[in-house]
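Novice: Numbering (the numbering used here), first residue to last: 1 to 268. Structure in structure tokens, see below.
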Amino acid sequence: MSERHELREACAEAARRGGAVLRERFGQRRTIEYKGGIDLVTDADKASEEALLSFLRARFPDADVLAEESGASGGGHGRLRFIVDPLDGTTNYAHGLPVFACNVGVVDEHGIAAGATYDPLRDELFTAARGEGATLNGEPLRVSGAAELRRALLCTGFPYDIHEHYDLPLRLFGAFMVKARAVRRLGSAALDLAYVAAGRLDGFWEMKLKPWDIAPGILMVREAGGLVNDLDGGEGMLRTGDVVAATPALQELLLETIAEVTARGEPG
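Spelled out as structure tokens, the structure:
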């Protein structure tokens, strides 16, 4: 068994543990705090993170951790770094909307090594290990065969500063609305990427995400035969938070559309 396979299993178990907390507390009265204007954190986020980090720290005591709620820990000297979002889709969760996931990825000296995205209400566990494919509940994943935008189902999300900086996100949304079969907004980037890997969505784009939102999904899409880039077609996704993921045939079309819209510029 390769180390990457072991890391995938560890990510999966951590995500399941965090997801079990989310499932148990779903629909109950929430304690809600605000980290920004529309950026929420609930008691469930914190409890899920505590459960999964307890497992990871016991199994990998020398690893570094970057977690959404508790931040960075481990001193930055470990060979492995786990990137954790205990609840992706917090706004959905807080409103009782059943679209959310627990997200766990791990990075080694070569990049993203493994990851897991767990939807606890549907008991769907998406996993990937570098060079070893992507799976849903153990079955291999493959991106769709979509090759034309007009036949594609796309998905996106809006950044937390959408109230102040809305022009470009809305112009991109509009551009794809008239080119694609349809555009969805589910409220969980982790599931959006997992769904691209599973062929449920044909493409996805979003800006200003965090590493814990996208690290597992980047690997899943690639291991399922898709392509992932930043908005410029580069590899800066974890640094910029900008991500475009699609089937090989659609990726260039998405990037071309984004470049056209971005080139028009935003109002001063």
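Heads up, the beta-carbon is just placed ideally off N, CA and C, and yes, glycines get one too.
Residues in its own chain within less than 8 Å of residue 177 by CB, not counting five upstream and five downstream?
Specialist: One-based indexing of the sequence shown puts residue 177 at position 177. Excluding positions up to five away in sequence, the list reads 183.
Novice: Does DSSP put residue 144 in a helix, in a strand, or in coil?
Specialist: The count along the sequence shown starts at 1 and reaches residue 144 at position 144. Coil at residue 144, not helix or strand.
Novice: According to the neighbour-count rule (16 or more other Cβ atoms, all chains shown, within 10 Å of its Cβ), is residue 271 buried or exposed?
Specialist: No information on residue 271 is available, as it lies outside the stretch 1 to 268 that the chain covers here.
Novice: Whole angstroms is fine: what's the gap from residue 140's alpha carbon to residue 94's?
Specialist: What you label residue 140 is simply residue 140 of the sequence shown in a count that begins at 1. What you label residue 94 is simply residue 94 of the sequence shown in a count that begins at 1. When rounded, the distance between both Cα atoms is 32 Å.
Novice: According to DSSP, is residue 135 helix, strand or coil?
Specialist: Taking the first residue of the sequence shown as position 1, residue 135 is located at position 135. If DSSP states are grouped into helix, strand and coil, residue 135 belongs with the strands.
Novice: Taking residue 247 as part of the alpha helix (DSSP H), name the residues at either end of that continuous run.
Specialist: For this step, residue 247 is matched to residue 247 along the sequence shown. Careful: residue 247 lies outside any alpha helix (DSSP H) and carries neither H nor E.
Novice: Could you give the C-beta distance for residue 217 and residue 120, rounded to a whole number, given that I count them as a contact under 8 Å?
Specialist: Along the sequence shown, read from residue 1 onward, the residue named residue 217 stands at position 217. Along the sequence shown, read from residue 1 onward, the residue named residue 120 stands at position 120. Between residue 120 and residue 217 the Cβ distance is about 17 Å, and since that is not below 8 Å, they are no contact.
Novice: Once you ignore the five residues that flank residue 269 on each side, which residues in its own chain have a CB closer than 6 Å to its CB?
Specialist: Any answer about residue 269 is impossible in this case: the structure gives the chain only from 1 up to 268.
Novice: Could you check whether the segment 186–197 touches the segment 114–133, counting it as contact only if at least three pairs of C-beta atoms, one from each stretch, sit closer than 8 Å?
Specialist: Segments in contact, yes.
Novice: For the pair the segment 122–134 and the segment 79–87, tell me if three or more CB-CB distances fall below 8 Å.
Specialist: The answer is no - the segment 79–87 does not touch the segment 122–134, with fewer than three Cβ pairs under 8 Å.
Novice: Could you check whether residue 15 and residue 66 sit closer than 8 Å to each other, using their CB atoms as the reference points?
Specialist: What you label residue 66 is simply residue 66 of the sequence shown in a count that begins at 1. What you label residue 15 is simply residue 15 of the sequence shown in a count that begins at 1. No, the pair does not count as a contact, with Cβ atoms beyond the cut-off.
Novice: Curious, which full-length alpha helix (DSSP H) runs of at least 4 residues does the segment 175–257 contain?
Specialist: Taking only runs of at least 4 residues, the alpha helix (DSSP H) segments lying wholly in the segment 175–257 are 189–197, 211–223 and 237–240.
Novice: Comparing the C-beta of residue 207 with each C-beta of chain B, is any distance below 8 Å?
Specialist: In summary, chain B is missing from the structure at hand, where a single protein chain is found.
Novice: Once DSSP output is grouped into helix, strand and coil, what is the label at residue 98?
Specialist: Position 98 of the sequence shown, counted from the start, is the residue given in the question as residue 98. It is coil, neither helix nor strand.
Novice: Assuming residue 143 and residue 105 are in contact, meaning their beta carbons sit under 8 Å apart, how far apart are those beta carbons, in whole angstroms?
Specialist: Position 143 of the sequence shown, counted from the start, is the residue given in the question as residue 143. Position 105 of the sequence shown, counted from the start, is the residue given in the question as residue 105. With 8 Å as the limit, residue 143 and residue 105 do not qualify as a contact, their Cβ atoms being about 19 Å apart.
Novice: Assuming residue 257 and residue 128 form a contact by the criterion Cβ under 8 Å, report the distance between their Cβ atoms to the nearest whole angstrom.
Specialist: In the sequence shown, the residue the question calls residue 257 occupies position 257. In the sequence shown, the residue the question calls residue 128 occupies position 128. About 27 Å separates the two Cβ atoms, so there is no contact after all.
Novice: What first and last residue would you give for the alpha helix (DSSP H) that runs through residue 3?
Specialist: Here residue 3 is taken as the residue at index 3 of the sequence shown, counted from 1. First-last of the alpha helix (DSSP H) with residue 3: 3–25.
Novice: Am I right that residue 244 and residue 253 are in contact with their C-beta atoms under 8 Å? What's the rounded C-beta distance?
Specialist: Your numbering for residue 244 matches position 244 in the sequence shown. Your numbering for residue 253 matches position 253 in the sequence shown. The Cβ separation is near 10 Å, so there is no contact.
Novice: Helix, strand or coil for residue 169, going by three-state DSSP, please let me know.
Specialist: As a position in the sequence shown, residue 169 is number 169, starting the count at 1. Three-state DSSP puts residue 169 in a helix.
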